[in-house]
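Contents: one structure, followed by commentary.
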Amino acid sequence: MDTLANMDKFEARLCEKSSLNNIPISGAIELLPLCNMDCEMCYIRLTKEQVDLGGGLKSADEWIEIAKQMKNAGTLFVLLTGGEPFLYKDFDKVYNALRNMGIIVTINTNGTLINEKVADMLSENKPRRVNITLYGASNETYARLCKNSKGFDQTINAIKLLKERDIDVKMNVSVVEENKMDVPKIIEISGELGVPVSIDTYMFPKTKGVRDEFKYNSRMTPQEVANLDIAISYNTQTQEEFMQSRIEFLSKYEWAKKTEKPKEIPMLCRAGRSSFWIDWKGNMSPCVFLEDIKMNIFENGFAKCWDYIIEESSKLFMPKDCVSCDKRQVCQVCIASVYCENGNLEKSPKYLCNLTDEKINLLR
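Counting in UniProt numbering, the sequence shown runs from 1 upward without gaps.
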């Protein structure tokens, strides 16, 4: 998960320079793991009892102090997320403190708690963007997937409230078995509202250590994902754009087959080089999916934790099977997905191997 998604050219350039110099320019703060919905595929949500057993939530003042340390270390962009961040009782205090420090804030939310009061608060000190996850195209889908029979109406209302106040909004969609049939309607809704949509078809298998196992039956098969990915591209691009992307994909594949294989592939994303993740307890990790590499900022301070994250992230390398694979240039595999799929970095993840094979076959 990139803590600064959909960057413009200026932001991308800043992040590129920061990665070269190990400056923590962007990060995410998970204010709480609580949510007002209970989605089948969620890997974060805990109960209030589990939170209390884990030491309880940090106060707004504690997060603001950490934000000051982050700013001093070079952090410019922060993602506030959860759980559902608007459940955090002092969200407005934390949010406005960060904005008043000059930090550019993005918010991840399910949107169901955004009312006139929340929208007005945000409009007074606007965020970079509000990313709203849309879980389906009807209240029926929300009831089935999220246990919220009014969720669709609440989310659409939130999007309209933010747009009325000229706040930048983007819809994110996590596609699983329960909502895959809603995708065409979701794309239609995106056009009607004039809001860009990002559709994520790959679900990381992660449990946060509180559930017996990831609900593998919630995510689609690799073959279904490949078919849906290509169908989305075909139906959201012009014929010329689709054919161009198809040619580029297959060309990358053919090029990788003919070129010399590298000896090793380190972690290529910004995690642990210019971005970080901090969970609700204060544990800093390279990203949300690599929580085995962690150090607590409330106990050790931001600077010490960041140095530790840099060092440990530099030790992570892709499995040898991935390094020598002819499909490496067109596969969406990363260090985090390998770890989540296998529990280690020793072998390539079969799920993503099958997904890439299917895409190649379909595009051919």
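Where a beta carbon is used, it is the ideal one built from N, C-alpha and C, also for glycine.
Item                                                                                                                     : Value
Exposure label - residue 181; buried when at least 16 CB within 10 Å                                                     : exposed
Integer Cβ distance of residue 324 from residue 261, believed to fall under 8 angstroms                                  : 5 angstroms
For residue 277, three-class secondary structure by DSSP                                                                 : strand
Whole-number beta carbon distance between residue 173 and residue 220, since they are thought to touch under 8 angstroms : Residue 220 to residue 173, Cβ: 13 angstroms. No contact.
Beta-carbon spacing of residue 29, residue 18 below 7 angstroms                                                          : no
Residues near residue 350 by beta carbon distance below 8 angstroms, same chain, minus five either side                  : 341
Whole-angstrom distance between residue 134 and residue 274, CA atom to CA atom                                          : 29 angstroms
Bounding residues of the beta strand (DSSP E) (the contiguous stretch that carries residue 174)                          : 169-174
Buried or exposed (CB count within 10 angstroms, at least 16 for buried), residue 148                                    : buried
Residue 108 to residue 82 span [Cα, whole Å]                                                                             : 7 angstroms
Length of the line joining the Cα atoms of residue 234 and residue 144                                                   : 28 angstroms
Inter-residue Cα distance where the pair is residue 326 and residue 241                                                  : 25 angstroms
Buried or exposed by the 16-neighbour rule on C-beta atoms within 10 Å, applied to residue 20                            : exposed
Helix, strand or coil at residue 59 [DSSP, three-state]                                                                  : coil
Three-state secondary structure (DSSP) of residue 347                                                                    : coil
Buried or exposed (CB count within 10 angstroms, at least 16 for buried), residue 179                                    : buried
First and last residue of the uninterrupted alpha helix (DSSP H) at residue 264                                          : Where residue 264 is concerned, there is no enclosing alpha helix (DSSP H), given that its DSSP letter is neither H nor E.
Contact check, residue 151 vs residue 112, beta carbons under 7 angstroms                                                : yes
Residue environment, residue 184, which counts as buried when at least 16 other CB atoms sit within 10 Å                 : exposed
Beta-carbon spacing of residue 33, residue 44 below 7 angstroms                                                          : yes
Burial state of residue 294 (16 or more Cβ within 10 Å)                                                                  : buried
CA-to-CA distance, residue 318 to residue 265, given in whole angstroms                                                  : 5 angstroms
Outcome for residue 302 when other beta-carbon atoms lying within 10 angstroms are tallied against a minimum of 16       : buried
Inter-residue spacing [alpha-carbon to alpha-carbon] between residue 373 and residue 223                                 : There is simply no residue 373 to check, as the chain begins at 1 and stops at 364 in what is shown.
Endpoints, alpha helix (DSSP H) assigned at residue 240                                                                  : 239-258
Sequence-distant residues of its chain with Cβ nearer than 8 angstroms to residue 42 (five each side left out)           : 35
Residue(s) in a DSSP beta bridge with residue 285                                                                        : 277
Residue 164 - DSSP class collapsed to helix/strand/coil                                                                  : helix
Residue 290 - partner residues in DSSP beta bridges                                                                      : Residue 290 pairs with nothing; no bridge assigned.
Local Cβ density within 10 Å of residue 358, reported as buried at 16 or more and exposed below that                     : buried
Candidates 132, 281 and 332: closest to residue 53 by CA position                                                        : 281
Per-residue DSSP class, three states only, for residue 210                                                               : Note that residue 210 scores 42 on pLDDT, short of 50, meaning its location in the model is unreliable; the coordinates nonetheless yield the value given after this. It is coil, neither helix nor strand.
From 336, 250, 159 and 13, residue whose alpha carbon lies closest to that of residue 365                                : For residue 365 there is no data in the structure shown, the boundaries of the chain being 1 and 364.
Buried versus exposed, by CB contacts within 10 Å (16 or more), residue 27                                               : buried
Residue 98 - containing alpha helix (DSSP H), residue span                                                               : 91-100
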